Structure formats: C-alpha cells, structure tokens
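Chains as they are written, first to last, in my numbering: chain Y, 1 to 372; chain B, 1 to 372; chain C, 1 to 372; chain G, 1 to 372. Notes for the one structure printed next.
4 protein chains.
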Amino acid sequence: MRAIKVALIGTKFMGKAHANAYRQARAFFSPPILPVLYLACGTNAKETLEFAEKFGFARYTTNWEEALGPEIDLVDISAPNDLHAPIAIAAARAKKAVFCEKPLARNLDEAKEMLRAVEEAGVPHMVCFNYRFFPAIQLAKKLISDGALGEIRQFHTLYLQDWGLRPGLPLTWRFQRDKAGSGALGDTAVHIVDLARFLVGEIAEVTGMLTTFIPERPLPQGGMGKVTVDDAAAFLARFKSGATGIFETSRVALGRKNFMHLELNGTRGSLYWNAEDPNWLWLYSLDDPPHLRGFRRILVTEAEHPYAKNWWPTGHILGYEHSFVHAVVELLSAIHEGRKPSPSFVDGVRAQAVLEAVLLSEGSRRWEKVPD
Amino acid sequence: MRAIKVALIGTKFMGKAHANAYRQARAFFSPPILPVLYLACGTNAKETLEFAEKFGFARYTTNWEEALGPEIDLVDISAPNDLHAPIAIAAARAKKAVFCEKPLARNLDEAKEMLRAVEEAGVPHMVCFNYRFFPAIQLAKKLISDGALGEIRQFHTLYLQDWGLRPGLPLTWRFQRDKAGSGALGDTAVHIVDLARFLVGEIAEVTGMLTTFIPERPLPQGGMGKVTVDDAAAFLARFKSGATGIFETSRVALGRKNFMHLELNGTRGSLYWNAEDPNWLWLYSLDDPPHLRGFRRILVTEAEHPYAKNWWPTGHILGYEHSFVHAVVELLSAIHEGRKPSPSFVDGVRAQAVLEAVLLSEGSRRWEKVPD
Amino acid sequence: MRAIKVALIGTKFMGKAHANAYRQARAFFSPPILPVLYLACGTNAKETLEFAEKFGFARYTTNWEEALGPEIDLVDISAPNDLHAPIAIAAARAKKAVFCEKPLARNLDEAKEMLRAVEEAGVPHMVCFNYRFFPAIQLAKKLISDGALGEIRQFHTLYLQDWGLRPGLPLTWRFQRDKAGSGALGDTAVHIVDLARFLVGEIAEVTGMLTTFIPERPLPQGGMGKVTVDDAAAFLARFKSGATGIFETSRVALGRKNFMHLELNGTRGSLYWNAEDPNWLWLYSLDDPPHLRGFRRILVTEAEHPYAKNWWPTGHILGYEHSFVHAVVELLSAIHEGRKPSPSFVDGVRAQAVLEAVLLSEGSRRWEKVPD
Amino acid sequence: MRAIKVALIGTKFMGKAHANAYRQARAFFSPPILPVLYLACGTNAKETLEFAEKFGFARYTTNWEEALGPEIDLVDISAPNDLHAPIAIAAARAKKAVFCEKPLARNLDEAKEMLRAVEEAGVPHMVCFNYRFFPAIQLAKKLISDGALGEIRQFHTLYLQDWGLRPGLPLTWRFQRDKAGSGALGDTAVHIVDLARFLVGEIAEVTGMLTTFIPERPLPQGGMGKVTVDDAAAFLARFKSGATGIFETSRVALGRKNFMHLELNGTRGSLYWNAEDPNWLWLYSLDDPPHLRGFRRILVTEAEHPYAKNWWPTGHILGYEHSFVHAVVELLSAIHEGRKPSPSFVDGVRAQAVLEAVLLSEGSRRWEKVPD
C-alpha cells in the first residue's frame with residue numbers, strides 16, 4: 001500500500017488536532033494511502049520533540065523549510081495565519097501536496113496567490129474546514145442535495161465563544177491584524193461562511209459590522225498593546241440563489257464556549273445544528289403528518305449515518321477531534337483517487353472573498369458585492 | 001341554553017383552579033351547558049367572600065352543607081382529602097352531580113363507598129385527574145389508540161417536586177395520614193398512576209417502597225409534630241397487558257418543581273412528556289426513514305391538535321390551568337350528552353386500588369396484586 | 001372601588017387576548033381599579049354578539065365610534081393597524097384612556113401624530129408590548145437593572161414563525177402595505193425591537209434587508225394579488241451604549257411557530273429566553289465558581305418571581321395569554337396611581353422609529369440613523 | 001521510562017475501545033508508564049491481523065493463552081463474559097496485571113473467585129467501569145465528596161438502549177445465560193450500579209423484576225433459539241446510607257440509543273447527567289440566590305475540569321471513547337505509584353453482588369439483601 005510522508009508545521013491546538021487525525025484515520029478508516037507522521041515542526045525545540053514523541057513522528061525540527069525536503073509528500077500547515085502563504089507557496093513549488101488550516105490566508109490577495117501556486121504546481125490542495133466533516137453536517141448536506149428541505153430560503157448562524165474575556169489574556173498573534181488578517185471574522189466566522197457555502201451556495205453580497213470591545217491587551221513584555229482586529233463581527237448576506245443569511249461571531253460572548261449554531265429554513269423542511277452538541281441534527285419536515293410535525297432530534301451515530309460505522313455502535317458519541325479525522329480521510333482518498341480534495345484552496349479563496357466584502361462593507365457602511 | 005349552578009367547596013390552590021376553569025370554559029369553549037358560579041365555600045369567611053367576589057360567585061358560605069341546597073346542580077369538591085367522602089356521599093344523596101379532586105379518597109374502602117353512593121344515586125360523577133387534559137396527553141392517547149406506538153412495553157414515570165424542603169414548612173394536613181391518607185403517594189403519584197391507566201391500561205401487581213426523610217415538622221401551635229405519611233414513594237409494576245412500569249414520586253427532590261415526566265416505549269414508537277414543558281410532546285416513530293429517526297418535539301398548539309383551536313394561534317403556549325378548563329368541558333359535555341364523564345369515580349377507585357397495593361407491599365416487602 | 005368601562009375594538013386574536021386579560025386581571029390580581037367589559041366592537045354583528053356574550057360584555061356594536069360615547073373610560077384598540085391612528089386620535093380627543101395594540105402605527109409619522117393626540121389630551125396611553133410582561137422578561141429586566149450582567153455588549157434576537165407558508169393563505173390586510181405599514185417587520189420585529197429597547201437601551205443606527213419570498217397570494221374574491229410587504233426582515237444595529245444588536249424576523253421560517261429567541265451577553269453575565277418556552281430564563285453568571293459555570297435554567301414560577309404569587313404554586317407554568325393580564329395590571333395600576341403606564345405611546349413611537357430606519361436602509365442600502 | 005507490554009484479548013467493540021485507549025493515553029497524557037501494544041488476540045485470524053495492524057500491535061494470535069507468555073505485563077480482557085474468569089485467573093497466576101471489562105463475571109461466585117486469584121497473586125487488577133471516567137462524572141464525584149450536594153437522598157437512573165429490537169438480530173452470546181450470566185442486567189445495569197456505588201455508596205437491599213419481551217431469536221445456523229436472559233430489568237434499592245434508588249435498564253426501549261441517565265437529589269443540591277450528552281453536567285444548588293435557582297448546564301471542558309486540559313480548548317467536546325483513555329491513565333498511574341487501581345475487582349464483586357440480589361429477588365418476589 002502506498003504511504004505518504006507528512007510534515008506537520010504547528011504543534012499547538014491545531015497541530016495536535018491534525019497529528020491525532022492522521023493516526024486515527026489509519027486506525028479506524030483503513031485509508032487507501034497510509035499517512036506516515038514523518039516530520040513535526042514547531043517553534044520551541046523541547047516542546048516539539050515532546051510533541052513528536054507523543055504522536056510518533058520520526059523526526060522533528062524548528063525550521064519549517066525542512067518540510068520542503070525530498071522525502072516529504074504532504075505539507076500540513078497548522079501554523080499561525082501569516083505563515084500560511086509562504087509555506088503553502090514554497091510547498092507547492094516543491095511539489096508537495098498541501099493541507100492548510102483555515103483561514104486560508106490573511107486576506108483575499110494572499111489567498112489567491114496561494115491558489116495560483118498550488119494550481120500552477122498541479123499539487124493536491126485542501127483547506128481544513130473541519131466542520132464540514134461532522135457526521136451531522138454531512139447528513140445535512142445529503143438531505144439538502146436530495147431536495148429534502150426544498151429550496152433553502154433562510155440561513156441563520158451564530159458562532160460564539162468567550163475565551164477573549166479571560167482575564168489577563170495577552171496580545172497574541174490572534175489580536176494583531178498583520179499576523180491574523182482579522183479577528184473573530186477570520187478565526188471563527190470563516191467556518192460559518194464555509195458551511196454556508198457548503199450547504200446553501202455562493203454569497204452574492206453582504207453588509208456587516210466589526211466591533212472591538214477590548215481595545216488593549218497585555219503585551220508579553222509588559223505594558224499594554226493595541227488590539228487591531230475585531231472581537232466580534234456580524235453581517236447580513238444575500239446568496240446568489242436568493243436566500244438570505246445572517247451571520248454573527250464573537251470571541252467575547254460570555255458563557256458561550258464553542259457555540260456554533262446554524263439553522264436553515266427551506267420550503268420543504270428546516271434543520272438546525274450546534275457544535276456544542278454536534279452529534280445531534282434537528283430536522284423538521286413537511287413529509288410528516290401535520291399533527292405530528294416537530295423538529296426531530298437525530299442522534300447521528302447509526303450505521304446508516306456518515307462515518308458512524310467506523311467508530312462505535314449506535315448512540316456512542318463522537319467528539320470534536322473526529323471531524324479532523326474525517327477531513328484527513330477525504331484528503332487521503334482524494335489523493336488516492338486522483339481527484340481534487342474538497343474543500344480545496346478554491347473554497348478557501350471563496351470564503352476569504354466573503355470576509356473581504358465584510359471588511360469593505362465595514363469601511364463603506366454599505367452593502368458590498370463579494371469579489372470574484 | 002341549559003345552565004347548572006355550581007357549588008365549589010375549597011378556595012385554595014384547587015378551588016382557584018376550578019373556579020377559573022368554569023369561567024374560562026364558558027369564554028373559550030361555548031360549552032353546551034353554562035356553568036354558573038353560584039356558591040363558594042371556604043373555611044374563613046373573609047377570604048371566602050374575597051374569593052367569591054374575584055371569581056364572580058353569587059354567594060359564599062363557610063358551611064359546606066349549603067352545597068346540598070335545592071338550587072345547586074353540581075358539587076365541586078376541592079377541599080382536603082378527608083372531606084372528599086362525606087361531601088361526595090352527601091351530595092350524591094342530594095342528587096347533585098359531583099366533581100371531585102384527586103385522590104378520590106384517603107383509602108380504597110372510602111373510595112369504593114363514594115363510588116357506591118354516586119352510582120346508587122345515579123348522578124354524574126367525575127374525578128379531576130386534570131393531567132389527562134393537557135393537549136399533548138390527549139394527542140399521546142390518540143396516537144396510542146390508533147396503534148401508532150404499536151404495543152406498549154415499558155412505561156417509566158417520575159413525578160418530582162421539592163416544596164417539602166421549604167424551611168419551616170408546618171405540619172399541614174398533607175403530612176398527616178388521618179387527613180391525607182398518604183403523602184406523596186396519594187398527592188402526586190396518584191396522577192401518574194391515572195396517566196398510566198389512561199395510556200397503558202390496568203396495573204396487575206406492584207412492589208414498592210415509601211420513605212419519610214423528614215420525620216418531624218413544626219406544629220402551627222409551636223413545637224414539632226410527627227409526619228405520618230411518605231415524602232417519597234417508588235414502585236415497580238406489571239400491567240395486565242404484560243407491559244412493565246416504574247413509578248417514582250417525591251416532594252423533597254431538590255430542584256424539581258412540578259417535574260412530572262413520563263415515557264412510553266412501544267414496538268412501533270416511543271414518546272415522552274414533561275409537565276414542566278407541557279406544550280411539547282416528544283415522539284419517536286419507526287415510520288420515519290431509518291437515517292432520519294429521532295425523537296421529534298411537537299409543539300401541541302396547532303389547529304389539528306386537541307383543544308388548540310379554542311385558544312390562540314399556533315405556537316402560543318398554554319399553561320397549567322388550561323388542563324382544568326378542558327376537564328370542565330368534558331364534565332359539561334358528558335352531562336349534556338347524558339353519558340358518563342371520564343375519568344369517573346370508577347377511575348378514582350382503580351387508582352386508589354393501586355395506591356393500596358403499594359402500601360400493602362411496603363408492609364409485606366413483597367409484590368402485591370392490585371385489589372379489584 | 002373605582003371601576004372603568006372598557007370599549008374593546010377588535011374581536012379576533014388580539015381582541016380575545018385583551019378581553020381575557022381584563023377578566024383575569026380582576027380574578028387574580030385585585031387591581032386597584034376594576035375593569036368593566038362594557039362595549040365590544042367588531043366588524044360582523046353576529047360574531048361580535050357571540051364574542052360579547054362569551055366574555056361578558058354589557059353591549060356590542062359594529063361601529064367603533066360608539067367607543068367615544070360618554071360612558072366609556074378606556075378605549076382598547078385591538079383592530080388592524082390602519083385603524084390604530086384614527087381610533088386613538090378620536091379616543092384621545094374624547095378624553096378616553098387609550099390602550100393600543102402594536103405596532104402603534106403604520107409608520108413613524110402616524111405614530112407621532114397619535115402620541116401628539118394623547119399628550120395634548122392628557123389621557124393615559126399605553127401600547128401593548130405584551131412580551132415585556134412575561135415573568136422571565138421582568139426578571140431579566142431586574143437582573144440587568146441591578147447590574148447582574150454588567151455592561152451589555154451583544155444582543156441577538158430572532159423571531160420566527162411559519163404561518164405565512166400555510167397553503168392557500170389569502171391576501172389579508174397583513175400582506176398589504178397600505179393597511180399594515182410593513183409585514184413581518186411591523187408585525188413581529190416590532191416586539192423584539194421593543195424588548196431590545198426595554199432591556200438594552202436606545203438603538204442609534206441600523207442596516208437591514210427586507211425580503212418577500214412569496215410575491216402573490218390568493219385574493220378573497222378569486223385570482224391572485226400582489227404582496228406589498230416583507231415576509232422576512234433582518235437588520236444589524238448599534239445601540240447608543242455601544243452594544244451591538246442582530247435582529248431577524250420571518251413569517252415563513254418553516255417549523256418555527258412563535259420562536260422569539262433573545263440572548264444578551266454582558267461583561268458579568270449572559271442570559272437567553274424563548275417565547276416558545278417562556279417560563280424558563282437561562283442565566284450565566286461570573287458570580288458562580290469557575291468550575292461550576294453554565295447557563296442555569298430558572299423556572300420563573302417561584303413566589304420570589306414577578307407575578308408568580310398571584311397564580312399557582314411553584315412549577316405550575318403560565319401560558320402566552322398571561323402576559324396580557326400583566327400588561328392590563330400595569331395599565332390599571334398606573335391609571336390608579338396617576339403615573340404614566342409603561343410602555344407608553346412614547347415607546348410605540350421609538351420602536352416605530354427603528355422600523356422606519358430599517359425601511360430607509362433597505363432603500364439606501366446603507367446604515368441609517370434611527371430618527372428622533 | 002518504564003514500559004509495559006499489553007496483551008489485549010478481544011477485537012470487537014470493546015477490543016477496539018481498549019486498543020484506542022492505550023494509544024491515546026500515550027499521545028495525550030504522558031503516562032508515567034508507557035503501554036506497548038504487544039499482542040492482539042481474537043477468534044478470527046484474518047480479522048485479528050487486520051486489527052493488530054491498524055492499532056500497531058507487534059503480534060497477534062487466536063490463542064489467548066499466549067497472553068500468559070513471559071514477555072507480557074498486562075492482560076486486558078475485552079472478550080465475552082464467560083471468558084473473563086478463566087483468563088483473569090490464569091493471568092493472575094502468571095503474575096500479570098489484569099484489566100477486565102465489565103461485568104466482572106457471569107455471577108457472584110465467579111467474580112469472587114477472580115478476586116481471590118488476583119489478590120493471592122498480588123497483581124494489580126482493575127475492572128473497566130469506563131463511565132466513572134467521563135469528566136462530568138468525575139466532577140460530580142468531586143462535588144459530592146466536597147459536600148456540595150449535602151446528604152444524597154434519592155438516586156434515579158435509567159439506562160436505555162434499543163439495539164435488541166433490530167430486525168433479524170441473531171441469538172448471540174449476549175442472549176444466553178450460560179455465556180453472559182444475565183442480559184441487560186449484567187450488560188448495562190451493571191454500569192449504573194457501579195455509578196451508584198461510586199457516587200452514593202453501598203446498596204443494602206433491592207427488589208426487582210426482569211423481563212424478556214422477545215423470547216426467541218434467530219440462530220446463526222437457522223431456526224430459532226430461546227433467549228435465556230432478560231431484555232429489561234428494573235429494581236428499587238435502599239442504600240446503606242438511607243438513600244433510596246430506582247434503577248432501570250432495557251435493550252428494547254425504542255428510540256433510546258445509549259441513554260444512560262442519572263439524577264441525584266441531595267439536601268444541598270441535585271445533579272443529573274446523560275451519556276448521550278456526556279460533556280454536560282446539570283447542577284442545582286441551594287448556594288444560588290433563591291430567585292436565581294435552576295439546574296445549570298455545565299460544559300465540562302474547562303481547564304478547571306478533570307482531564308480537559310489534556311485534550312482541547314474550552315468547548316470542544318469529547319466523545320464516548322475518551323472515558324476509556326482516562327481509565328487507562330488511572331490504571332497506568334496506579335501501577336506506577338504502587339497503589340491499587342480504582343475501580344478494582346473489589347468493585348467488580350460488589351456490583352455483581354447487587355445484580356445477584358436482583359436475580360434472587362426476581363425469584364423470591366421479595367426484597368433481598370445484597371450479599372456480602
């Protein structure tokens with residue numbers, strides 16, 4: 001069986017999630033290509049070694065350019081946003097497959113440059129919009145594709161967290177526009193933008209607002225530094241299909257931890273889902289008899305459901321990390337089958353274009369078209 | 001249109017619920033017989049007058065025997081349990097229709113005596129098991145009768161409250177066996193026993209336990225008095241149909257206010273319901289496609305649902321008190337149609353027989369048959 | 001005790017809710033002024049008579065000008081929106097107290113004219129924003145006023161219904177701009193605008209979108225007529241306080257019946273509430289120990305809670321209609337105490353100003369200031 | 001660092017869960033002893049090889065006696081119930097540490113024999129009651145130990161599944177008394193018995209009922225075979241502390257998948273939890289102000305919560321399998337520290353004694369003491 005050697009850049013939250021995903025894909029999914037955890041790359045040598053040992057990487061480094069070495073097949077970018085473009089472009093030129101965390105880039109231009117690089121190099125590329133890979137979201141997608149909801153008319157989504165309120169939280173890269181591109185918009189809203197595109201279709205235009213509630217945060221070196229990104233973002237949208245959308249995200253919504261909530265209302269049915277209870281899909285259907293209609297709470301762990309058979313029997317729930325495993329399975333399957341993985345950098349660019357339009361609209365105080 | 005004059009005995013929680021029910025039945029249901037609030041009877045003259053004025057009774061008294069006067073058509077017994085038998089029997093002999101709060105009596109013998117009296121007198125009789133009259137319960141009943149759940153195999157129910165924990169709560173009649181007959185068993189479990197009979201059928205045998213967690217409570221006159229009834233009761237049951245049942249009730253289950261929860265599992269479907277959220281019925285059905293099965297949350301306020309059309313448009317919820325209104329509508333309709341109201345004293349006796357078997361079993365520490 | 005004679009104009013959904021409210025206020029709240037149901041006014045004589053009999057009105061009419069007669073003290077406007085202004089202004093001139101359903105008017109100018117009329121006449125005036133009067137909303141208000149949530153930063157609200165999808169629904173006045181002023185915006189969004197003002201404060205500016213998904217509906221006389229109002233509306237808002245708001249409403253959101261959902265995030269706590277489960281308030285508080293924080297589900301039926309003591313013991317839930325009873329209690333109490341009822345026509349005007357800004361913004365495709 | 005070589009016997013549901021647990025413990029918990037997946041043992045050679053490859057075992061076999069070889073340190077018994085005793089006893093004699101799936105044995109005698117063997121051999125022993133190791137259950141335990149709930153008075157628990165209803169389900173070992181010992185009682189009730197002991201304490205006496213709703217099931221070789229175990233079991237219990245308990249389990253409760261629900265009511269607080277939503281703990285506390293009391297829904301994923309820090313940031317949920325990882329961490333830590341792992345075979349025996357009393361009571365139709 002074919003194996004591919006993975007260089008994983010990033011060893012924090014996302015690095016851990018990705019490392020775990022390759023291992024678990026192998027143990028639970030018999031992927032057609034075996035991912036080999038070859039090179040772990042982090043900023044701190046001691047921590048990177050520890051990380052490499054825990055997850056069983058063959059080697060480790062603090063120099064990401066080692067990921068461009070001839071023995072590497074796949075470069076996995078789980079590093080901060082400002083490194084996405086340089087690494088992805090270098091990896092593409094070195095003819096590596098590229099798997100990149102979201103948001104694809106700090107802005108639309110950068111994202112397009114990355115897409116150009118992977119397309120010119122003809123290498124497989126995928127962006128890790130992991131939320132697509134929750135079984136309930138896959139089931140939702142299938143229902144929509146099958147027409148079970150009719151025409152989608154309204155889409156509402158909130159993605160609320162409150163970690164931004166933690167006392168004494170320092171001014172990390174996530175609060176700096178030059179490193180992160182934007183704040184909650186690029187960090188969390190990008191997920192719901194992608195899900196909107198996945199489930200409803202392309203967005204035509206938006207009008208939005210960005211808010212920074214906490215203007216200064218402690219600098220690691222002492223003193224306070226200016227926050228240059230948004231703590232919260234909200235926008236209205238019109239889809240090309242005529243559907244309407246409402247989006248909101250925040251990292252300072254007290255009490256909400258990873259509250260990504262989405263609801264779709266169609267002409268034949270409606271559904272909603274929440275990432276804090278991701279095993280459940282709620283479905284309302286006009287197919288039910290009138291006196292027995294109601295949102296039904298489907299525990300998406302049956303053998304009939306996406307991915308479920310590979311894990312545990314009915315009713316034994318999956319967690320957050322499983323979405324990454326499924327994403328890796330898609331990546332490996334697509335490479336094996338010689339087709340483009342999905343979502344690809346094209347999806348990364350399209351999501352970025354929506355964020356760009358929101359930022360424009362914040363400045364112009366008008367509706368803005370999503371750029372092509 | 002025919003009118004009947006009502007004498008209502010009791011002006012506290014239940015008296016208020018009944019008085020309101022007659023009025024609202026009239027305003028919202030165009031009942032075929034008009035209930036006239038004629039005589040209110042309480043223990044305290046000043047309070048009874050006030051009560052009578054608020055609800056529009058023509059007269060008031062502190063002597064319940066006035067309810068036997070020739071002008072009265074219907075005697076409504078919302079008084080403490082030890083008064084149920086004397087009033088009901090006297091009312092029957094005076095040829096009044098009788099509407100009695102639950103539990104019908106303090107014990108099975110008393111209940112049977114009451115049944116005998118109303119049957120001998122040939123008067124209409126009804127026991128106020130108001131929970132049958134929540135729209136969701138009526139819908140559940142219909143589903144079961146229509147076979148939508150298949151054969152019912154398992155019935156689980158809890159009825160938990162915590163008012164018994166209120167600091168300084170005095171030793172009222174509800175804590176005294178001679179006045180109340182039993183504690184949580186007769187007060188709250190009787191409701192779930194009735195719903196079990198209504199939805200599943202007759203209970204054949206039981207084994208139970210009664211517990212008094214708080215053995216003494218303050219006397220109104222000072223000092224402490226002994227609690228002679230149960231704070232909590234639980235029992236296992238076998239229905240005549242072969243179904244099994246689990247029942248539990250408590251008045252000291254901290255945090256639970258009026259938590260009457262019931263679940264039925266059948267061979268074709270299952271449902272559950274809770275009195276703290278009574279407008280919602282949860283239904284699981286094998287009729288749904290396998291990958292879309294789940295408990296569906298039906299908001300029982302549609303025009304297609306029992307009673308709903310008489311109140312508000314879809315989605316505007318009803319409260320606790322509405323169940324009494326519907327009970328009164330049944331009472332008035334049955335009298336008008338010359339049929340027996342349901343649930344009748346027969347149902348009161350059958351529920352009492354189950355309580356009796358639980359009490360027996362507590363003593364014998366064995367399964368006990370429910371007496372005929 | 002003082003009594004006031006009520007002329008109620010409108011006998012449909014709102015007429016029924018108001019008639020019931022006066023009666024129940026009297027029975028459950030011992031209001032300082034007794035409301036007397038004196039005159040019922042509807043469009044159909046037979047139906048109005050029936051309505052009058054059911055609720056116990058002394059008289060009925062099909063001519064609303066009879067409400068201006070000298071024997072009337074209070075004119076209650078539960079008629080379609082285009083009648084609000086003429087009736088209110090006439091009633092004010094005839095020196096009647098005026099209680100008007102929402103939205104106060106079809107547009108801001110009309111609303112201001114009404115306010116001018118009642119102020120010039122010096123009569124008591126109140127607009128029936130009944131949602132303020134759910135016990136959970138009153139509790140929320142108290143918590144906010146007491147500072148328990150800190151500074152409110154974010155407010156999100158949805159008000160979704162689906163009655164607009166009912167097949168064959170005719171082109172009633174609710175779908176016509178000249179009669180209704182707007183569609184879901186004025187009908188349902190106005191409630192959440194009022195709650196936003198009640199709980200968070202004045203809105204400074206908005207940007208919105210209105211959508212008509214179903215452009216034609218059957219005419220009563222046959223054929224199809226054009227829908228001239230919105231089926232759905234959404235807007236972003238900035239409050240004067242700096243808080244942000246997201247509002248959405250729809251009458252075509254399949255599966256949602258009376259789903260008014262609101263959430264507030266503050267610096268010390270957050271809360272949410274839903275009108276389909278109105279007895280429950282969810283509260284998150286930084287006052288809880290860090291490892292025990294979570295949204296707590298408060299059943300707002302305790303003796304300590306607003307209005308609860310007047311109804312039933314703990315845990316016995318209230319319904320939709322009770323909010324109107326509490327509104328009437330406020331109206332009667334304010335009149336008795338010689339203070340302005342709240343919410344008054346001033347609140348009606350302020351809510352209308354927000355709707356006006358949304359409509360403006362729909363045209364200009366920009367943010368618009370809420371007019372003074 | 002010390003490593004221990006694991007022989008895992010069983011490659012189905014539980015084998016997979018255990019194999020995964022050792023790997024994940026290593027990657028996420030830096031255990032003080034490294035578990036080495038050395039030998040996988042199954043009944044089918046091809047499947048066992050595949051299993052071994054997926055999880056990275058060094059060797060595989062179809063003969064469990066190879067687990068007794070000198071290179072093995074720990075024998076993990078994830079095989080059917082009738083193999084627990086022979087393997088555990090042989091492993092103990094061969095001086096291996098033993099980690100055994102629940103129920104410890106088919107009956108109390110067998111369980112005691114196993115305990116005797118491990119104690120005589122002086123080897124570490126643990127029974128895999130994995131539900132103890134959900135973070136929410138650990139948090140619950142801590143709250144109870146700290147006295148936050150006061151004295152526990154009432155414990156209610158249901159464990160409902162419906163896989164027994166799957167059409168055509170063959171008569172596997174789980175339906176045969178000689179192989180399984182009992183049905184739902186030993187398979188699922190044993191988990192809630194263990195949690196009852198863990199959270200509330202020892203059970204003194206019980207009265208129960210066992211029911212077989214489906215008396216025959218298809219034999220693999222064709223024709224039908226008799227089911228000799230229970231499909232459902234229920235019992236009442238009195239704890240030594242005076243608390244009461246209600247237990248029910250079923251494998252034929254339509255619509256319930258892995259619905260293990262438990263509620264405890266104490267004198268200072270109450271809590272509940274459900275295995276279908278295992279990241280959430282619901283807590284009610286008298287410490288809250290009276291008007292703000294309610295069950296609070298704690299998302300047990302904060303850094304302050306058990307195990308959470310080793311996984312993902314706040315709000316990113318864990319699944320079923322993580323409980324096994326935590327159990328393995330306890331096993332490895334205890335071995336390293338030279339203390340007894342918990343829960344040990346002693347707990348396995350005590351749980352078995354409760355099941356034994358339920359079986360006795362089913363025969364005698366009386367309350368039965370839990371044997372010592």
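Even for Gly, the Cβ is constructed at its ideal location relative to N, Cα and C. Computed from a predicted structure; not experimentally measured.
Ranked by Cα distance from A25/G, the first of S323/G, V190/G and P80/G is S323/G. Only W311, W312, P313, T314, G315, H316, I317, L318, G319, Y320, E321 and H322 from the stretch 303-326 of chain G bring a Cβ to less than 9 Å from some Cβ of chain Y.
For D287/Y, the closest of V300/Y, H305/Y, T267/Y and N279/Y by C-alpha to C-alpha distance is T267/Y.
Inclusion of V229/C and G183/C in the CB contact set at 7 Å is warranted, their separation being smaller than that value. Residues of chain Y whose Cβ lies closer than 9 Å to the Cβ of Q138/G do not exist, since the nearest Cβ in that chain is about 16 Å away. Taken in chain order, the complete beta strand (DSSP E) segments of 3 residues or longer contained in the stretch 71-144 of chain G are 74-77, 97-101 and 125-128. For L199/Y, the enclosing alpha helix (DSSP H) stretches over residues V190 to L199. The beta carbon of A19/G is closer than 7 Å to those of L8, L37 and F55 in its chain, skipping five residues each way along the sequence. Q221/G counts as exposed, since fewer than 16 other C-beta atoms from the protein chains shown sit within 10 angstroms of its C-beta. Excluding its 5 nearest sequence neighbours in each direction, M14/B has C-beta neighbours in its own chain below 6 Å: S78 and E101, listed in chain order. Per DSSP, reduced to three states, the secondary structure at Y307/C is coil, with no helix or strand assignment. Interface flag for R297/C against chain Y is unset, since no Cβ pair is found closer than 7 Å. For E65/C, the secondary structure class from DSSP, reduced to helix, strand or coil, is helix. The alpha-carbon separation between P31/C and H326/C amounts to approximately 10 Å. Under the three-state reduction of DSSP, F57/G is assigned to coil, being neither helix nor strand. For the stretch 201-219 of chain B, the set of residues with a beta-carbon nearer than 8 Å to any beta-carbon of chain G comprises T207, G208, M209, T211 and F213, in chain order. In its chain, beyond the 5 residues on either side, T11 have a beta carbon closer than 8 Å to the beta carbon of E47/B. By the CB criterion at 7 Å, V349/B and A111/B fall inside the cutoff.
DSSP, read as helix, strand or coil, puts V349/G in helix. In chain Y, no part has a C-beta under 8 Å from the C-beta of R93/B; the shortest such distance is about 44 Å.
It is roughly 22 Å from the alpha-carbon of G147/G to the alpha-carbon of Y307/G. With contacts defined by Cβ atoms closer than 7 Å, R132/Y and F198/Y form a contacting pair. Close to chain B, meaning a Cβ-Cβ distance shorter than 9 Å, are the following residues of the stretch 36-65 of chain C: E50, K54, F55 and G56. Not a single CB atom of chain B sits nearer than 7 Å to the CB of K5/C. Scanning its chain for C-beta atoms nearer than 6 Å, with the 5 sequence neighbours on each side dropped, one finds around R2/G the residues I33, in chain order. DSSP, reduced to helix, strand and coil, places P290/Y within a helical segment of the structure shown.
Cβ-Cβ distances below 7 Å link V354/G to V193, I203, V206 and V370 in the same chain, with the five nearest sequence neighbours on each side left out; the list follows chain order. Proximity of K257/Y to chain G, defined by a Cβ-Cβ separation below 7 Å, is satisfied. Around the C-beta of T172/C, fewer than 16 other C-beta atoms lie within 10 Å, and the residue is accordingly described as exposed.
Taken atom to atom, the span from the alpha-carbon of W280/Y to that of A275/G is near 13 Å. Measuring C-alpha to C-alpha distances from P86/G to each of E321/G, E216/G and K179/G identifies K179/G as the nearest.
Under the three-state reduction of DSSP, L219/G is assigned to coil, being neither helix nor strand. Per DSSP, F295/C is one residue of the beta strand (DSSP E) stretching across F295 to L299.
Taking C-alpha positions only, A237/G is separated from V200/G by approximately 12 Å.
Counting along the chain, no beta strand (DSSP E) covers N279/B, and no H or E run does either.
Here DSSP, grouped into helix, strand and coil, assigns R177/Y to helix.
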